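Colleague: Sharing a structure below in structure tokens format, with a few things to ask.
Number of protein chains: 2
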Amino acid sequence: MTDNVRQIAILGAGGLGRSAVRLLEQKNEFRLVAVGDSKGIAYDAEGIRSASIDALEPTGSVCSLPEIGRETDDAAGEVIALNKAGKVDAVFLAVPNLPNDFIPSLIVRFAKEGFDGVIVDALKRTSAVQQIVATEGQISDSKVLYVTGAGATPGLLTAAANLAAQSFAEVEEVKIWFGVGMKNWDTYKATVREDIAHMPGYDTESVRALSDADIERILDETHGVIELHNMEHADDILLERAGVATCEKVNVGGLVDTRKPVKPVSTSMTLRGRTFEGKVSEHSFVLGNETSMAANVLGPAFGWMKAGLELHDRGIHGLFSSADLMPKFVR
Amino acid sequence: MTDNVRQIAILGAGGLGRSAVRLLEQKNEFRLVAVGDSKGIAYDAEGIRSASIDALEPTGSVCSLPEIGRETDDAAGEVIALNKAGKVDAVFLAVPNLPNDFIPSLIVRFAKEGFDGVIVDALKRTSAVQQIVATEGQISDSKVLYVTGAGATPGLLTAAANLAAQSFAEVEEVKIWFGVGMKNWDTYKATVREDIAHMPGYDTESVRALSDADIERILDETHGVIELHNMEHADDILLERAGVATCEKVNVGGLVDTRKPVKPVSTSMTLRGRTFEGKVSEHSFVLGNETSMAANVLGPAFGWMKAGLELHDRGIHGLFSSADLMPKFVR
């Protein structure tokens, strides 16, 4: 690492993972050297190009990539080995968290097996992040610096809420209201399934049992738009953990249009609080409509990865969240 | 410090310093134990109450406070001594930075004389912060963790710009446009003088030479409203230092109404950028009109102080800014 470029691995080669490959290709400070999925791993010390990933079928595995891919049923173990060989500094988890304890158990493994670096997730569910928080002791005793909830919401908007809170003596409400648009749901199958699991009458287990045709029928009922209220999003426990507001004061909801690439509403975070002088007011953070979910999840995620790497260089390990750390701009 | 309450000192007992006393009185995690000004210092291990400070004349010195005040022409030296005795953990600098090298030389003194703790400023001018940055080597070699530009702008809005930048591959423009209202300018004399020094035809030296009557006459010409463009605000160098945008892409301006307590315009930060997918868009952060300058400067400042104390506890020293660190909510 003589040129001080950080060597990055991604676990997961679905829509989010593949977008991450395209984003990282534009960065000089980060080099994507490994991508793993359930069937294989691709490794290239010179940097994996998005052109090769884009040539894959939507459900294709990186194991089929010419020259750099090979089959394995333990990509995580391979990434740990690459880290021990000094060939991977940080990992972005772009795997779907189904079942709900998949990522927590993965982290415990990274910690136990001596991974010495930074891991970042973009988990959304409160229950999933709670399970991460439950592993805090094991992470603290390891060489891992872990950043959880480091996407858009939780993530960018959680950080904005923590920032906005600073003007106030007491926070009365944090409202996160998001708009997501996508041309079709095929590219973000796992994400849409997670969204549906937030709807009344569904949960992660019942959604797992649904076929793609079942999902299509559910979407047909609302012309492709999913409206969500009081979602189980981890912004609540991350802001409570940061001392900003108790969970019940944090409300997350929004509109997901699975058939149009335009956002049905601007994504925003509004925080109402009382200042030390007794005034009640609201700060707000509004995301530009032209920014995609991928841009708002992945940009911040790698920003937190850079911040984590700087702290890890100083010998700091343990569990952090998007509410605790300021992300750093990756050039 | 068995109860883990942090012991705080403030240097400067003008409008900002006195508001800080009121804010800190509502905090359980921080206890204000010392306030110093040019004529004296007040020290109370049990915590200085705002009632005593509020009883002072506007130009009165803390040296006249019954029981806790005494005369000294070296309050900074006293605060360093208190720190060495384990009685002060962190200092907020609420002194006006006139002349422009006053605070930089103060920091060098704290560093050289072995102050072991956190110092936070709410400096505004680019040139002043540049002088702070020039002392970075001396701060890094000391036991000081210093956070510069930790007010509202630079500060809260600089941090919001850094956060907003994360969604983009390249930042095209950061525009900070603020509104400040005050019932009368008497309470914030130093601040208004600094604002006038940003107007065409004035600088810090020429404003120092003006009498209060001269200031009144300048304000009369625009019915008390000061309109400012392309101000020399340190948001630019702090964002450049954080790798977000070069200085010329950062523009700070706004309206200051020195005769009405209502803000003439909502204070906002708008960042325009290009995503990794090539889309141009804007994120914005808007402050509630009811939040005062004091709330937006002091809340964040103490939030950064808490973040700094946590890093200092872990053995980290050196120079940080509002663009580098996530402030922590002080309860």
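Here the protein sequences line up with chains A and B, keeping their order.
The opening position of the first sequence corresponds to residue 0 in numbering that gives the first Met the number 0, with each subsequent residue numbered one higher.
The opening position of the second sequence corresponds to residue 0 in numbering that gives the first Met the number 0, with each subsequent residue numbered one higher.
The beta-carbon is built from N, C-alpha and C at its ideal position, and this holds for glycine as well.
Values in this document were obtained by computation on a predicted structure and should not be read as measured data.
When you compare only the Cα positions, how much space is there between B/G272 and B/Y201?
Modeller: Near 34 Å, if we compare the C-alpha coordinates of B/Y201 and B/G272.
Colleague: What distance in whole Å lies between the Cβ atoms of B/E112 and B/I79, which are believed to be in contact at a cut-off of 8 Å?
Modeller: 5 Å
Colleague: Consider the Cβ of A/F167: report whether some Cβ of chain B lies at a distance smaller than 8 Å.
Modeller: Interface residue, yes.
Colleague: Using a Cβ-Cβ distance under 8 Å, would B/I315 count as near chain A?
Modeller: yes
Colleague: Does chain A have any CB closer than 8 Å to the CB of B/P299?
Modeller: yes
Colleague: May I ask you to list the residues that DSSP assigns as paired with A/R271?
Modeller: A/E172 and A/E281
Colleague: At least one CB of chain A closer than 8 Å to the CB of B/P326: is that the case?
Modeller: yes
Colleague: Under three-state DSSP, which class holds B/F301?
Modeller: helix
Colleague: Along the chain, where does the alpha helix (DSSP H) that runs through B/I100 open and close?
Modeller: One detail in the question is off: residue 100 of chain B reads as Asp in this sequence, not Ile. Taken as a continuous stretch (DSSP letters only), B/D100 belongs to no alpha helix (DSSP H), as it is neither H nor E.
Colleague: Out of A/F328, A/I118, A/S320 and A/V329, point me to the one whose CA is closest to A/A158's CA.
Modeller: A/S320
Colleague: At a Cβ threshold of 8 Å, is A/D36 touching chain B?
Modeller: no
Colleague: Hey, is A/G253's beta-carbon within less than 8 Å of any beta-carbon in chain B?
Modeller: no
Colleague: Does the distance from the CB of A/V119 to the CB of A/A149 come in under 8 Å?
Modeller: yes
Colleague: Go through the segment 163 to 217 of chain B residue by residue and report every complete run of the beta strand (DSSP E) that reaches 3 residues or more, in order.
Modeller: 169 to 180
Colleague: By how many angstroms is the C-alpha of B/I138 removed from the C-alpha of B/I315?
Modeller: 11 Å
Colleague: Short check: CB of B/T71 to CB of B/I40, under 8 Å?
Modeller: yes
Colleague: Is the CB-CB distance between B/V296 and B/L15 below 8 Å?
Modeller: Result yes, Cβ atoms of B/V296 and B/L15 sit closer than 8 Å.
Colleague: May I ask you to list, following chain order, the residues of the segment 267 to 279 of chain A that have a beta carbon less than 7 Å from some beta carbon of chain B?
Modeller: T274, F275, E276, K278 and V279
Colleague: Is there a Cβ from chain B that is less than 8 Å from the Cβ of A/V132?
Modeller: no
Colleague: What whole-angstrom Cβ distance do B/F167 and A/G298 have, given they're in contact under 8 Å?
Modeller: 7 Å
Colleague: Ignore the nearest five residues each way along the sequence and tell me which others in A/E24's own chain have a CB closer than 7 Å to its CB.
Modeller: R48 and S49
Colleague: Strictly below 8 Å CB to CB, what residues from chain B border A/A241?
Modeller: By Cβ distance, chain B contributes K327 and F328.
Colleague: Looking at chain B, which residues of the segment 115 to 147 of chain A have a Cβ within less than 7 Å of any of its Cβ atoms?
Modeller: none
Colleague: Keeping to the same chain, check which residues put their C-beta closer than 8 Å to that of B/I236; ignore five residues upstream and five downstream.
Modeller: T125, V128, Q129, V132 and C246
Colleague: Checking contacts by CB at 8 Å: is B/V32 closer than that to chain A?
Modeller: So, not an interface residue.
Colleague: So if I threshold CB-CB distances at 8 Å, which residues from the segment 49 to 64 of chain A count as touching chain B?
Modeller: Taking 8 Å as the upper bound on Cβ-Cβ separation, chain B lies near no residue of the segment 49 to 64 of chain A.
Colleague: Take A/A110 and list the residues in its own chain whose beta-carbon comes closer than 6 Å to its own, dropping the five residues that flank it on each side.
Modeller: Q137, I138, S141 and V143
Colleague: Using a 10 Å radius around the Cβ and a threshold of 16 neighbouring Cβ atoms, would you call B/R17 buried or exposed?
Modeller: buried
Colleague: Is A/L318 close to chain B, meaning its C-beta is less than 8 Å from at least one C-beta of that chain?
Modeller: no
Colleague: Hey, out of A/A164, A/E220 and A/L227, whose CA is closest to A/E193's CA?
Modeller: A/L227
Colleague: Which residue's Cα is closest to the Cα of B/F177: B/D234, B/D73 and B/F91?
Modeller: B/D234
Colleague: Hey, is B/S104's beta-carbon within less than 8 Å of any beta-carbon in chain A?
Modeller: no
Colleague: Against A/D235, what residues of chain B qualify as contacts under a CB-to-CB distance less than 8 Å, listed in chain order?
Modeller: Result: empty, since nearest Cβ-Cβ is about 15 Å, beyond 8 Å.
Colleague: Please confirm whether B/A89 has its beta-carbon closer than 8 Å to some beta-carbon of chain A.
Modeller: no
Colleague: With DSSP run on the structure shown, which of helix, strand or coil describes B/I160?
Modeller: One detail in the question is off: residue 160 of chain B reads as Ala in this sequence, not Ile. In this structure, B/A160 counts as helix in the three-state DSSP scheme.
Colleague: List, in order along the chain, the chain A residues whose C-beta lies closer than 9 Å to that of B/F284?
Modeller: A159, L162, A163, H282, S283, F284 and V285
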